[in-house]
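The block underneath contains the structure these notes are about, expressed in structure tokens.
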Amino acid sequence: MATRDDIITVNNLCKHFYNGGLKALDDVSYKINKGDVVVVIGPSGSGKSTFLRCLNLLEVPTSGEVIFDGVDITKKYHVDQNGKKVRQNIDLYRRKMGMVFQHFNLFPHKTVLQNMTLAPIKVRKMDKAEAEKKALQLLERVGLGDRASAYPIQLSGGQKQRVAIVRALMMEPEVMLFDEPTSALDPEMVGEVLSVIKELAETGMTMVIVTHEMGFAREVGKKVIFMDSGKIVEDGTPEQIFENPQSPRLKDFLGKVL
Amino acid sequence: MFSSAGFAKTWQYIQLFKEGLICTLSLSALTVLFGFILALALALMRMSKIKPLSWFATAYVELFRATPMLVQLFIIYYVVFAKTNLPNFKLFGFIRFERFFPGVVALSMNSGAYLSEIIRAGIQSIDHGQTEAARSLGLSSRQTLMEIVLPQAIKNILPAIANEFVTIIKESSICYTIGVQEIMYAVATTKGATYRIAEPLLIATAVYFCLTFPTSKIIAYFERRMSRGDKR
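Line by line, the protein sequences give chains A and B. Under the numbering used here, think of the first position of the first sequence as 16, with each following residue one higher. Under the numbering used here, think of the first position of the second sequence as 1146, with each following residue one higher.
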């Protein structure tokens, strides 16, 4: 297979709730290239989070394709190079897509270190000592080197989210998905989390970020998607979106949030 | 009611109470073990997406919760095991296996129904975000259940499980009706031999209390230890 620029491509993605009563995603197509930092903005209920959650199939799309590294992961089977039908295992793709949630979702019964080493040990069969060493290095990088043995309840919101980010990084993902990573934080903790995400962007990590932080979107995003009513209304560079919006809905939205 | 002569007479049969204690303990321990495994299976079946499994588990739970324990015990002993020739040996040299085993089966099947509802409630009390986080890290649904959901669920339902375990110790006394030599059987035998009832019953009461009270205390201790993650 030739090397490809795109890492995730979605084609005609639809997600309906209540038997089609609510179209959370309405025929969305988009291509994410390696190294892209894609920021998704839009009003509440516009389908931003659903879009993100469909990328690693936490939300199963009603129809459409999600092509990750050349494989449509929405299908039960795929055909390999030898033309053989292989049953698809979504877990294999999910481990390549790290996800960070609005409400952190750390495992409360495990320490910070255990939170981070669980998946590498269980899924990647990493050696325990090696996993712990890597975890400590990552914690050091985000300024939490001294909190390895703490339980999540003992951490502040900002600290929890930083742990959640490095927990996802432990799996060495090819893409990081952020679902409103700062929306549940106290204002004074937003900065510390955003700076970690920014640093990550500078390392060339491919990222998709759903956020309400417009200043951050503008600064970090290489591409910006504006969604409304389950559709991508406008997409482009931060300059295009923020300084030269075309659609009335985007103009209206920016007028309210900026 | 009580008399020292009565106690002296009863005391001659104290060996029966010792055996009864061992029997009650074995009965309860095995019931707890098998009941819990059955309950876990039933809870998972009930939450399964495969409809027939879910229907079966629901029917099972409703049936066992809606009928008396004594009826279930008699059906299992007199009907289900009527034609089965269970091995005719004695556990610890005195417990008749062909009576003991149906007792364990009946108690396990009954407590499995109750425990499965407790376990199901525990699993459903865990925030779905926990499952999503685990799955997004690439853990399989089985690993997510075993590593993330069940440990937290069991911690939450520990008081309810403790209650159920204490209930099993007490309910196991019903097995005396099919001739399992547990504590109440010792009471009946002593009564038949001495014509005393108050003193054997007092001893039985003391033995049951000494079993159930520490059990709930031990579980309370583990509950405190497991809740470490919740407190500063």
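Note that beta-carbon positions come from the ideal geometry of N, C-alpha and C, so glycine has one too. As the structure is a computational prediction, the values presented were derived from the model and not from experiment.
Asked                                                                                                                                                                                    : Found
If you follow the beta strand (DSSP E) that residue 102/A is part of, which residue opens it and which one closes it?                                                                    : 100-102
Since residue 1269/B meets chain A, which of its residues come closer than 8 Å, beta carbon to beta carbon?                                                                              : Chain A residues near residue 1269/B: none, gap ~17 Å exceeds 8 Å.
Excluding the 5 residues preceding and the 5 following residue 126/A in the sequence, name in chain order all residues of the same chain whose CB lies nearer than 8 Å to its CB.        : 163, 164, 165 and 166
Check whether the stretch 220-227 of chain A touches the stretch 193-211 of chain A, counting contact only when three or more Cβ pairs, one atom from each stretch, lie closer than 8 Å. : yes
What is the rounded straight-line gap between the Cα of residue 1376/B and the Cα of residue 83/A?                                                                                       : With a pLDDT of 49 at residue 1376/B, under the threshold of 50, the modelled position of that residue is not reliable, and no figure is offered here.
Quick one, which residues of the stretch 31-58 of chain A are near chain B if we go by CB-CB under 8 Å, in chain order?                                                                  : none
What does residue 1241/B pair with, by DSSP beta-bridge criteria?                                                                                                                        : 1235/B
Measuring alpha carbon to alpha carbon, tell me which residue in 1325/B, 1196/B, 1362/B and 1336/B is nearest residue 1250/B.                                                            : 1325/B
Taking only three categories from DSSP, how would you classify residue 216/A?                                                                                                            : helix
Between 78/A, 24/A and 58/A, which has its C-alpha nearest residue 42/A's C-alpha?                                                                                                       : 78/A
At a CB distance below 8 Å, what residues from the stretch 1273-1288 of chain B approach chain A? Give them in sequence order.                                                           : 1274, 1275, 1277, 1278, 1279, 1280, 1281, 1282, 1283, 1284, 1285 and 1288
Which stretch, first to last residue, makes up the beta strand (DSSP E) that contains residue 249/A?                                                                                     : 246-251
Output, in sequence order along the chain, the residues in the stretch 124-153 of chain A whose CB is closer than 7 Å to any CB in chain B.                                              : 124, 133, 134, 137 and 138
Could you say which of 1233/B, 1357/B and 1238/B lies nearest to residue 1170/B if we only look at CA atoms?                                                                             : 1357/B
Whole-angstrom Cβ separation of residue 1267/B and residue 1299/B, contact assumed at under 8 Å?                                                                                         : 6 Å
Roughly how far, in whole angstroms, is the beta-carbon of residue 39/A from the beta-carbon of residue 113/A, given that I think they are within contact range, below 8 Å?              : That belief does not hold up - the Cβ atoms of residue 39/A and residue 113/A are roughly 23 Å apart, past 8 Å.
Just mark residue 1208/B as buried or exposed, buried being the case when its beta carbon has 16 or more other beta carbons within 10 Å.                                                 : exposed
Can you tell me whether residue 179/A is buried or exposed? The criterion is at least 16 other CB atoms within 10 Å of its CB, across all chains shown.                                  : buried
Identify every residue that forms a DSSP beta bridge with residue 1162/B.                                                                                                                : DSSP output for residue 1162/B lists no bridge partner at all.
Would you mind telling me which residues of chain B sit closer than 9 Å to residue 26/A, beta carbon to beta carbon, in chain order?                                                     : Residues of chain B passing the Cβ test: none, with the nearest at roughly 22 Å.
Note down the Cα distance separating residue 1248/B from residue 1365/B, rounded to an integer number of angstroms.                                                                      : 28 Å
Would you kindly check if the distance between the Cβ of residue 1286/B and the Cβ of residue 109/A is under 7 Å?                                                                        : no
Can the beta-carbon of residue 106/A be found less than 7 Å from the beta-carbon of residue 237/A?                                                                                       : no
Name, please, each residue of chain A whose Cβ falls closer than 8 Å to the Cβ of residue 1300/B.                                                                                        : 124
Return helix, strand or coil for residue 166/A, following the three-state DSSP convention.                                                                                               : coil
Using 7 Å as the threshold, is the C-beta distance between residue 65/A and residue 76/A below it?                                                                                       : no
What residues of chain B sit near residue 71/A, judged by a beta carbon separation below 9 Å?                                                                                            : 1280 and 1281
Is residue 1146/B helix, strand or coil by DSSP?                                                                                                                                         : coil
Tell me which residue opens and which closes the alpha helix (DSSP H) that residue 79/A is part of.                                                                                      : From DSSP, residue 79/A is part of no alpha helix (DSSP H) but of the beta strand (DSSP E) over 78-83.
Run through DSSP, which three-state label would residue 1377/B get?                                                                                                                      : Low local confidence applies: a pLDDT of 41 at residue 1377/B is under 50, so the model's placement there is unreliable, and no value is given.
Name, in chain order, the residues that DSSP records as bridge partners for residue 45/A.                                                                                                : 25/A
Output the distance between the C-alpha atoms of residue 16/A and residue 247/A, rounded to the nearest integer angstrom.                                                                : Unreliable placement is indicated for residue 16/A, whose pLDDT of 47 sits below 50; the coordinate value is still reported in the next sentence. Approximately 30 Å, taken between the alpha carbons.
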